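**Student:** Take this structure, written in structure tokens, and hold onto it; I'll ask about it next.
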Amino acid sequence: MVRRAQAGDLPAFEQLHRENVRRVYALCFRLCGEASLAEELAQDAFVRAWQKLGSFRGESAFSSWLYTLTMNVALSERRSRRRRTSRIVATEDPSVFEKPGDTRRPEVGVDIERAMDVLPPGARTVFVLHDIEGYRHQEIAELTGVATGTSKAQLHRARRLLREVLSR
Amino acid sequence: MTCAEVDDRLDDYVDDTLAEAEFQELELHLAGCAVCREQERRLRSLLAQAAALPRELAPARDLWPGIRARLGRPGVLPFSRSFSGVGSWLPASLAAAAVVALAVAALVRTPGTAYGPSQVSAFPTGSSTEAAGVLKAERDYAQASAALLAALRERPERLSAETLAAIEKDLLVIDGALTQIREALAQDPSSGALNHLLASTHQRKLKVLQRVVKLSRI
Numbered sequence: 009m010v011r012r013a014q015a016g017d018l019p020a021f022e023q024l025h026r027e028n029v030r031r032v033y034a035l036c037f038r039l040c041g042e043a044s045l046a047e048e049l050a051q052d053a054f055v056r057a058w059q060k061l062g063s064f065r066g067e068s069a070f071s072s073w074l075y076t077l078t079m080n081v082a083l084s085e086r087r088s089r090r091r092r093t094s095r096i097v098a099t100e101d102p103s104v105f106e107k108p109g110d111t112r113r114p115e116v117g118v119d120i121e122r123a124m125d126v127l128p129p130g131a132r133t134v135f136v137l138h139d140i141e142g143y144r145h146q147e148i149a150e151l152t153g154v155a156t157g158t159s160k161a162q163l164h165r166a167r168r169l170l171r172e173v174l175s176r
Numbered sequence: 013m014t015c016a017e018v019d020d021r022l023d024d025y026v027d028d029t030l031a032e033a034e035f036q037e038l039e040l041h042l043a044g045c046a047v048c049r050e051q052e053r054r055l056r057s058l059l060a061q062a063a064a065l066p067r068e069l070a071p072a073r074d075l076w077p078g079i080r081a082r083l084g085r086p087g088v089l090p091f092s093r094s095f096s097g098v099g100s101w102l103p104a105s106l107a108a109a110a111v112v113a114l115a116v117a118a119l120v121r122t123p124g125t126a127y128g129p130s131q132v133s134a135f136p137t138g139s140s141t142e143a144a145g146v147l148k149a150e151r152d153y154a155q156a157s158a159a160l161l162a163a164l165r166e167r168p169e170r171l172s173a174e175t176l177a178a179i180e181k182d183l184l185v186i187d188g189a190l191t192q193i194r195e196a197l198a199q200d201p202s203s204g205a206l207n208h209l210l211a212s213t214h215q216r217k218l219k220v221l222q223r224v225v226k227l228s229r230i
């Protein structure tokens, strides 16, 4: 299928898209936390994959290649968005996570996906890559362009905040 | 080790990246500190939830039409439509790696239930009447360790001298700790903390070996 797509076979590429889109979208959604932005990022990732398909040599599984490419697309978007805006999207204070009028019973707790919204972008990225996707700090450092120590510090911060939110 | 120091090192502890000496110190602290054990429990619970998240999510709409429209635009073409080496996509080493991975998985599961952190309590503890159970569990661990060591010896060329030296150093520390724990247990066979430490130290040894087998598999 990959070879056919590399030869310019669009139906073959559509099939690759069908097989991988849920995984690609999940990765984008968890990295950015917004459904509509995740859809855009997933589309960008597949367009980029089509453009770079010729560079795929089969040294790893196609899906692994595609997920790495997706991560680069999502992280690159985050970097450019950060440059465009100074909007604060996260906080160190988990109490702001309780929105006025939130009628959920505290003992029910919150879903981890929702709890991740409390994380600052850097901590969120490292938590997703390390604790959900299974990357090591060295790999995260290479992907995100930060030092390994920074990656570890961000993970510590993310886990602490999430424990606070989830233990309520 | 203080509670604050444990808090600083808890991530490395649950990620199994703590140096051996600190690992042992932290284990001792946890055995006697309910507050830190609760923090560990919460952290492991968080990690279990993260690991249990579905790997796939369906977007609310079909993304293909939007992608297809963009692929038709000028300039959006595959980078290259031909390249060499297509016929040799799957080198034999990948198949060999898969076999080794399966073998390792089988090896480490052989002894039964006492491997994951949550199953530490499966290691027999408590009264001297359970001594036979402890001995059997130790034998199981020893068999698994021996099998992994044998797997390593079969392909010494895969490991650098530096890596081998590091492994040997770690194993020496762990074996020394096991000896000390056994001596302490001989004095106090019903100590829950010592039995816990014995089980987790065996696990530690297995993890070191598993990691090395993984490192040397390709």
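For the record, the sequence lines run as chains A and B. Every number in the working numbering is 8 more than the matching position in the first sequence, counting from 1. Every number in the working numbering is 12 more than the matching position in the second sequence, counting from 1. Built from N, CA and C at the ideal position, the CB exists for glycine as well. Quick caveat: nothing in here was measured; it's all calculated off a predicted structure.
Given that a residue counts as buried once 16 or more other Cβ atoms are within 10 Å of its Cβ, and exposed if not, what is Gly-41 (chain A)?
**Tutor:** Within the first sequence, numbered from 1, the residue matching residue 41 (chain A) stands at position 33. Under this definition Gly-41 (chain A) is a buried residue.
**Student:** My assumption, with CB atoms under 8 Å, is that Leu-22 (chain B) sits in contact with Leu-59 (chain B). Please give the rounded CB distance.
**Tutor:** Residue numbering aside, residue 22 (chain B) sits at position 10 when the second sequence is read from its first letter. Residue numbering aside, residue 59 (chain B) sits at position 47 when the second sequence is read from its first letter. Not confirmed; about 11 Å, so no contact.
**Student:** Is Arg-26 (chain A) closer than 8 Å to Ser-71 (chain A) when the C-beta atoms are compared?
**Tutor:** Counting from 1 along the first sequence, the entry for residue 71 (chain A) is found at position 63. Counting from 1 along the first sequence, the entry for residue 26 (chain A) is found at position 18. Taking 8 Å as the Cβ cut-off, Ser-71 (chain A) and Arg-26 (chain A) do not qualify as a contacting pair.
**Student:** Label Leu-184 (chain B) either buried or exposed according to how many other C-beta atoms from any shown protein chain fall within 10 Å of its C-beta, with 16 as the threshold for buried.
**Tutor:** Here residue 184 (chain B) refers to the residue found at position 172 when the second sequence is read from its first residue. Per the 10 Å Cβ criterion, exposed.
**Student:** DSSP state of Leu-218 (chain B), grouped into three classes?
**Tutor:** As a first step, residue 218 (chain B) must be located in the second sequence, where it is residue number 206. Leu-218 (chain B) falls in the helix class under three-state DSSP.
**Student:** Would you say Ala-46 (chain B) reaches chain A, if we count a Cβ-Cβ gap shorter than 8 Å as a contact?
**Tutor:** As a first step, residue 46 (chain B) is located in the second sequence; it is residue number 34 there, counting from the start. No - not a single Cβ of chain A is within 8 Å of the one on Ala-46 (chain B).
**Student:** Would Leu-83 (chain A) pass as a contact of Ala-53 (chain A) if the rule is Cβ separation under 8 Å?
**Tutor:** Along the first sequence, read from residue 1 onward, the residue named residue 83 (chain A) stands at position 75. Along the first sequence, read from residue 1 onward, the residue named residue 53 (chain A) stands at position 45. In this structure, Ala-53 (chain A) does not lie closer than 8 Å to Leu-83 (chain A) by Cβ.
**Student:** Could you spell out the range, first to last residue, of the alpha helix (DSSP H) harbouring His-25 (chain A)?
**Tutor:** As a working note, residue 25 (chain A) is residue 17 in the first sequence. Taken as a continuous stretch (DSSP letters only), the alpha helix (DSSP H) holding His-25 (chain A) covers 18–40.
**Student:** Sorted by chain position, which residues of the same chain lie with C-beta nearer than 8 Å to Ile-186 (chain B)'s C-beta, five sequence neighbours on each side aside?
**Tutor:** Mapped onto the second sequence, residue 186 (chain B) falls at position 174. Once the five neighbours on either side are set aside, the close Cβ partners of Ile-186 (chain B) are Glu-32, Thr-213, Arg-216, Lys-217, Val-220.
**Student:** Out of A:Arg-11, A:Thr-133, A:Ser-175, A:Ser-44, point me to the one whose CA is closest to Asn-80 (chain A)'s CA.
**Tutor:** Along the first sequence, read from residue 1 onward, the residue named residue 80 (chain A) stands at position 72. Per the Cα distances, A:Thr-133.
**Student:** Alpha carbon to alpha carbon, what distance is there between Phe-64 (chain A) and Leu-102 (chain B)?
**Tutor:** Counted from its first residue, the second sequence places residue 102 (chain B) at position 90. Counted from its first residue, the first sequence places residue 64 (chain A) at position 56. Bear in mind that the predicted position of Leu-102 (chain B) carries a pLDDT of just 28, short of 50, making it unreliable; the figure below should be weighed with that in mind. Each residue's alpha carbon lies about 13 Å from the other.
**Student:** Against Gln-51 (chain A), what residues of chain B qualify as contacts under a CB-to-CB distance less than 8 Å, listed in chain order?
**Tutor:** As a position in the first sequence, residue 51 (chain A) is number 43, starting the count at 1. Near Gln-51 (chain A) (Cβ distances below 8 Å), the residues of chain B are Leu-75, Gly-78, Ile-79, Arg-82.
**Student:** Shorter than 8 Å from the beta carbon of Arg-21 (chain B) to some beta carbon of chain A?
**Tutor:** Along the second sequence, read from residue 1 onward, the residue named residue 21 (chain B) stands at position 9. Chain A, which has no Cβ nearer than 8 Å to the Cβ of Arg-21 (chain B), makes this no.
**Student:** Strictly below 9 Å CB to CB, what residues from chain C border Ala-155 (chain A)?
**Tutor:** Checking the listed chains, one finds no chain C in this structure; the protein chains it contains are A and B.
**Student:** Taking the beta carbon of Ser-44 (chain A) as the centre, do at least 16 other beta carbons fall within 10 Å, making it buried, or is it exposed?
**Tutor:** Here residue 44 (chain A) refers to the residue found at position 36 of the first sequence. Ser-44 (chain A) comes out exposed.
**Student:** Measuring CA to CA, which of A:Glu-48, A:Gly-142, A:Gly-157 is closest to Arg-67 (chain B)?
**Tutor:** For the purposes of this step, residue 67 (chain B) is identified with residue 55 of the second sequence, where counting begins at 1. Among A:Glu-48, A:Gly-142, A:Gly-157, the Cα nearest to that of Arg-67 (chain B) is on A:Gly-142.
**Student:** Of the choices A:Lys-60, A:Ala-34, A:Leu-35, whose alpha-carbon is the least far from that of Arg-11 (chain A)?
**Tutor:** Residue mapping note: residue 11 (chain A) aligns to position 3 of the first sequence, counting from 1. Checking every option, the nearest Cα to that of Arg-11 (chain A) belongs to A:Lys-60.
**Student:** Report the residue from B:Thr-191, B:Gly-78, B:His-41 whose alpha carbon sits nearest the alpha carbon of Glu-48 (chain A).
**Tutor:** What you label residue 48 (chain A) is simply residue 40 of the first sequence in a count that begins at 1. Out of B:Thr-191, B:Gly-78, B:His-41, B:Gly-78 has the C-alpha closest to the C-alpha of Glu-48 (chain A).
**Student:** Can you grab the Cα-Cα spacing for the pair Ile-179 (chain B) / Gly-16 (chain A), in whole Å?
**Tutor:** Locating residue 179 (chain B) in the second sequence gives position 167, counting from the first residue. Locating residue 16 (chain A) in the first sequence gives position 8, counting from the first residue. If you take the alpha carbons of Ile-179 (chain B) and Gly-16 (chain A), they lie about 49 Å apart.
**Student:** For Tyr-33 (chain A) and chain B, any beta-carbon pair shorter than 8 Å?
**Tutor:** Locating residue 33 (chain A) in the first sequence gives position 25, counting from the first residue. By this cut-off, Tyr-33 (chain A) is an interface position.
**Student:** Apply the 10 Å Cβ neighbour rule to Arg-151 (chain B) and answer buried if 16 or more other Cβ atoms are within range, or exposed otherwise.
**Tutor:** Position 139 of the second sequence, counted from the start, is the residue given in the question as residue 151 (chain B). Exposed.
**Student:** Mind listing the chain B neighbours of Arg-167 (chain A)? Cutoff is C-beta to C-beta under 7 Å, in chain order.
**Tutor:** To locate residue 167 (chain A), count along the first sequence from 1; it is residue 159. Neighbours of Arg-167 (chain A) across chain B, judged by C-beta separation under 7 Å: Asp-23, Leu-55, Leu-58.
**Student:** Determine the direct distance from the alpha carbon of Ala-155 (chain A) to that of His-4 (chain B), and round the result to whole angstroms.
**Tutor:** As shown, chain B starts at 13 and ends at 230. That puts residue 4 (chain B) outside it, with no answer to give.
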